[in-house]
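For any residue, its number in my numbering is found by taking its place in the sequence shown, counting from 1, and adding 18.
Each residue gets a CB set at the ideal place from its N, CA and C atoms; glycine is no exception.
What you are looking at is a predicted structure, and each value in this text was computed from that prediction instead of being measured.
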Amino acid sequence: MPRTTTKAPAKKAAKPAAPKKPRAKKAGPKKAAPKPVFKTGYVALIGRPNTGKSTLLNALLGQKLAIVSDKPQTTRISILGIKTTDKGQTIFVDNPGIHKPLHTLNKRMMNFVYSSLETSDVVCLLVDATEKFGHGDEYVLEILRRVKTPVFLLINKVDIVRKDTVLPIIGHYKDLFPFREIIPISALKGVNLDVLEGLLTAALPEAEKIYSDEEISDQSERFLFAEIIREKILSYVTQELPFVTAVYIEAIEKKEQADWKKEGETRPVTLVRASIFVEKDNHRKIVIGRHGSLVKQVGIEARREIEEYVGHKVYLDLQVRVREGWRDSKDVLDLIEGQKG
Ligand SMILES: Nc1nc2c(ncn2[C@@H]2O[C@H](COP(=O)(O)OP(=O)(O)OP(=O)(O)O)[C@@H](O)[C@H]2O)c(=O)[nH]1
Ligand SMILES: [Mg+2]
């Protein structure tokens with residue numbers, strides 16, 4: 019895929035250049051070099067579910083901050099990915115996918131999208147190059163028409179489409195919306211991401227950094243653990259199960275345990291107790307699996323990933339619980355959202 023960016027036509031005509039004045043060369047003390055410009059701002063990643071927003075956040079940050087799955091509506095709460103360089107600080111906001119909300123959970127998801135649109139300096143709209151344009155995409159554009167911020171169109175997943183399918187997508191979108199930039203990308207394979215970052219930095223306002231250099235995200239360890247567990251569940255379940263499953267971390271306990279390899283010494287361990295909420299008893303049976311096989315597998319995979327993150331032994335206890343109608347329960351939704359910190 020060539021590194022191309024296509025500019026939308028709706029742009030102001032360039033001002034005619036003023037005639038250059040001849041500059042007299044003066045001897046004398048040199049002026050101090052101008053301070054390099056530092057660009058800071060928020061970039062909202064938005065789009066329909068499954069278009070690759072979380073994959074892009076992880077690729078841009080070079081590490082896994084957000085969970086990813088092939089099921090729609092994976093992201094439920096916005097998270098930040100903060101990238102600081104000597105040129106600027108770009109604060110990427112990974113958002114839930116835009117959809118028509120049916121439950122209180124989904125209304126809250128959409129509220130994250132709206133507030134991210136309000137606070138962003140640039141919006142990146144991700145579309146899936148493998149999907150046909152439909153009503154859902156029209157709905158997204160309608161929302162964007164109310165936004166004053168510049169919008170970049172990112173045509174994602176170009177690694178799995180024929181090259182000649184991308185130009186017609188660009189042509190179609192150009193007629194529908196005055197995008198500031200149109201960039202074909204692959205979040206998964208890293209195609210054109212350097213071009214994207216350069217154009218984003220250029221579009222951000224000149225400002226001091228908001229976060230310290232060490233800050234990478236705004237999510238707590240507790241929220242991250244809950245998301246890791248949910249990601250493993252999503253990889254095994256289908257139909258309505260992805261939508262009715264939530265994870266709540268009941269407790270995280272850090273301890274020192276006798277190290278059986280080194281007599282008299284101790285080693286750190288983390289105990290994590292988590293509840294997996296589903297809506298009905300038949301959901302509970304599916305998530306537990308035959309003789310507990312599914313929840314056991316989820317536990318093994320989630321524990322390994324949490325161990326990699328904390329760098330030591332983890333004990334993970336998972337309980338599957340029925341919380342009827344939790345997607346419309348303010349209490350449960352507050353509990354789950356409250357984990358983010
Ligand atoms: N081939 C290919 N697959 C991709 C690319 N980007 C994302 N995917 C896949 O698309 C699926 C959805 O990715 P996510 O990053 O979870 O999508 P999302 O937009 O965050 O989805 P929601 O959180 O549900 O809104 C996953 O299976 C990804 O592996 C890409 O550039 N190429
Ligand atoms: Mg996501």
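A distance criterion of 6 Å places the beta-carbon of T73 in contact range of ligand 1, judged by its closest non-hydrogen atom.
At least 7 Å separates the beta-carbon of M128 from that of R94.
The segment 344 to 357 makes no contact with the segment 300 to 312, as fewer than three CB pairs between them are under 8 Å. For the segment 277 to 341, the continuous alpha helix (DSSP H) assignments of 4+ residues that do not extend past its boundaries occur at 299 to 306, 311 to 328, in sequence order. Beta-bridge partners assigned by DSSP to G99: F110, S235.
When rounded, the separation of the alpha-carbon atoms in K207 and D146 is 14 Å. When the beta-carbon positions are compared, D139 and G59 come within less than 7 Å of each other. Here N76 carries a helix assignment [DSSP, helix/strand/coil].
In the same chain as E323, and ignoring 5 residues on each side of it, the C-beta atoms closer than 7 Å to its own belong to I246, in chain order. One alpha carbon belongs to K82, the other to P54, and they sit about 31 Å apart.
Excluding its 5 nearest sequence neighbours in each direction, A77 has C-beta neighbours in its own chain below 8 Å: A205, L206, G208, L211, listed in chain order. For E199, there is no enclosing alpha helix (DSSP H); the residue is found in the beta strand (DSSP E) stretching over 199 to 202. Beta-bridge partners assigned by DSSP to D146: N174. In the DSSP assignment, G152 falls outside any alpha helix (DSSP H), carrying neither H nor E.
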